[in-house]
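Chains as they are written, first to last, in the numbering used here: chain C, 1 to 305; chain A, 1 to 314.
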């Protein structure tokens, strides 16, 4: 039973968990009443899981139904037995969706890259270098963890306007790069790395940049990928920022594009649901590929949309 | 990346040997170079806007004219604090918070405790409960709006199976619109709390349960006297993060009802963006932002204090 799945829970103490997962569960002594209890647990959880899957399955089912059928209502969709790819063909054949994908991909990748770069560099200085004002900088940054960026949307818009970045991908990327949480996570990770790692490199005359680049960063792959993926997902899903800072339809990201679908598709319910599926699909793929990193990243940062 | 390399390297190279010494000039400079990129975006897009918000809230700045408007003193605050729209937006925000926080905390706890007892299917449970959380708000809104569709949506169909012939148009009725948004939100975001609770549960040593079982504690007693007290820190974290996220609610409301019907679901952040971007009144929007800002920061401070207190206790 000590398969990898038993120990893929969130958190960073994977080693300790691996040990405890190896110890066989004590269910052998289970009495009759606790066996009933366990069965009840399975049933309750399964009912909820099914309930939780219904909305997604409903969207998928509708997306494979013809527009003419789905416009008749739920009963018609449930009874429909002729799945069709028509809605997907329509969407993928048009240009809009590809534009949205491009915009989301560029902004999400750009933000992920810059968050990792900026946050890890600053965290490196705060964790590994001694300089005057270090405490002050750290306190100032910590204070920023409490600032709710969404609430600042109006002034952020004004700021982007002032520096002439409105209606560029940068307008979506830059505001998200000020990630105090990422800096904090990097600093905690760096603090845990032994000092001896870089000591000999320093004696050999290696520069700080070199130590950061060739010693610290290669050891930080788990944090780097967790932060990069979480930032990617967050930027991909962000609605409020691109909604207001991008007015050019050609630059629309997936969420902004999806927000227009309701109005422009009208009663073409299958097309609407197919677009929600296609908009979410890259993230589902990402989740399947990087389950563990995503779960760790979300649990470790306490990020909440 | 490459630009950064070019800038940093010469200074850092020379600094290297002295770095550990501490008090000298060069390591200082190279440290600041490491901090510079983050500091720039931090000042420009977090501290700057916060300061701008504070200043603009005392002016009649408008979106159509550049720069700050004329000094308006406390007029914007006075307007907001006496406006029924502002208070109803605050009330709707609170309403949303009250509808979502308790179920999100209780259900996610139950799901996590149950899933943690399961010996198999971990990937499945996580798929079921966590995946919605990483989907775009735009996707989940379109799914739920479709489920809620008037007479022909899935919800109406289910209600008909149960013999309700006049289904509720959930989002079109001011009495139920917020509940509809809350249900969609619970479905969407429960995965976050679920994951936090699962992480907390896995940090509880198995031996504790074994000892309790030997002493004859029933599973229910174990949950009541072991799990709940040991997860207190997680619960505090979940509740406070949840409250902060609820106060910032924007996406689902904007996408599902756009504040309607009428203004019955208009929340604080929706009012702020309307005032700023639709009415072009940056000054007034800044005052409303500042008021919401204070509430959120107050709760964030409480979170930090509670967290510190609990850490000391532990």
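Backbone N, C-alpha and C define an ideal beta-carbon position, used for all residues, glycine too.
In its chain, beyond the 5 residues on either side, 271, 272 and 275 have a beta carbon closer than 8 Å to the beta carbon of residue 265/C.
At a cut-off of 8 Å between beta carbons, residue 60/A makes no contact with chain C. Ranking 154/C, 298/C and 263/C by CA distance to the CA of residue 54/A puts 154/C first.
Put simply, the CB of residue 178/A is far from chain C, with every gap to its CB atoms at 8 Å or more. With respect to the 8 Å criterion, residue 149/C and residue 143/A are not classified as neighbours on the basis of their beta carbons. At a cut-off of 8 Å between beta-carbon atoms, residue 157/A makes contact with chain C. Interface annotation, residue 75/C: in contact with chain A, CB-CB separation under 8 Å. For the segment 80-105 of chain A, the set of residues with a beta-carbon nearer than 8 Å to any beta-carbon of chain C is empty.
Segment contact: the segment 163-182 of chain C against the segment 238-258 of chain C, three or more CB-CB distances shorter than 8 Å; contact assigned. If you draw a 10 Å sphere on the C-beta of residue 65/C, you find 16 or more other C-beta atoms in it, and that means buried.
Per DSSP, residue 144/A is one residue of the alpha helix (DSSP H) stretching across 137-147. Against residue 270/A, chain C offers no close residue; the least beta-carbon distance is about 10 Å (beta-carbon pairs closer than 9 Å). Closest in C-alpha terms to residue 155/A, from the list 41/C, 40/C, 73/C and 268/C, comes 73/C. Secondary structure note for residue 120/C: its alpha helix (DSSP H) is the uninterrupted segment 96-128.
Considered as a whole, the segment 205-236 of chain C harbours 208-211 as its complete alpha helix (DSSP H) runs of no fewer than 4 residues, in chain order.
Within the model, the alpha-carbon separation for residue 258/A versus residue 89/A is close to 13 Å. One alpha carbon belongs to residue 71/A, the other to residue 44/A, and they sit about 23 Å apart.
Three or more beta-carbon pairs drawn from the segment 179-187 of chain C and the segment 116-129 of chain C are found closer than 8 Å, and the two stretches are therefore classed as touching.
Within chain C, 38 and 41 have C-beta atoms less than 8 Å from the C-beta of residue 117/A, given in sequence order. Per DSSP, the continuous alpha helix (DSSP H) segment holding residue 272/A begins and ends at 268-273. Against chain C, the CB of residue 161/A has no partner CB under 8 Å away; the residue lies outside that interface.
Any Cβ of chain A closer than 8 Å to the Cβ of residue 273/C would place that residue at the interface, and such an atom is present. Counting every other CB atom within 10 Å of its CB across the protein chains shown gives residue 194/C a total below 16, marking it as exposed. Residue 119/C and residue 235/C have their C-alpha atoms spaced approximately 16 Å apart. Assignment of beta-bridge partners to residue 71/A by DSSP yields 59/A. For residue 152/A, at least one C-beta of chain C is nearer than 8 Å to its own C-beta. Nearest neighbour of residue 192/A by Cα position, chosen from 238/A, 305/A, 228/A and 166/A, turns out to be 238/A. Residue-level contact check: residue 175/C touches chain A, since one or more beta carbons of chain A fall below 8 Å from its beta carbon. Residue 204/A and residue 214/A have their C-alpha atoms spaced approximately 17 Å apart. Interface flag for residue 266/A against chain C is unset, since no Cβ pair is found closer than 8 Å.
Per DSSP, residue 127/A is one residue of the alpha helix (DSSP H) stretching across 122-130. In the three-state scheme derived from DSSP, where H, G and I count as helix and E and B as strand, residue 132/C is classed as coil. When Cβ pairs closer than 8 Å are counted between the two stretches, the segment 161-174 of chain A is seen not to touch the segment 281-290 of chain C, the count staying below three.
For residue 48/C and residue 312/A, the gap between their C-alpha atoms comes out near 37 Å.
C-alpha of residue 113/C to C-alpha of residue 228/C: approximately 7 Å in a straight line. Within the segment 199-211 of chain C, 202, 205, 206, 207, 208 and 209 place their CB atoms closer than 7 Å to a CB of chain A, listed in sequence order.
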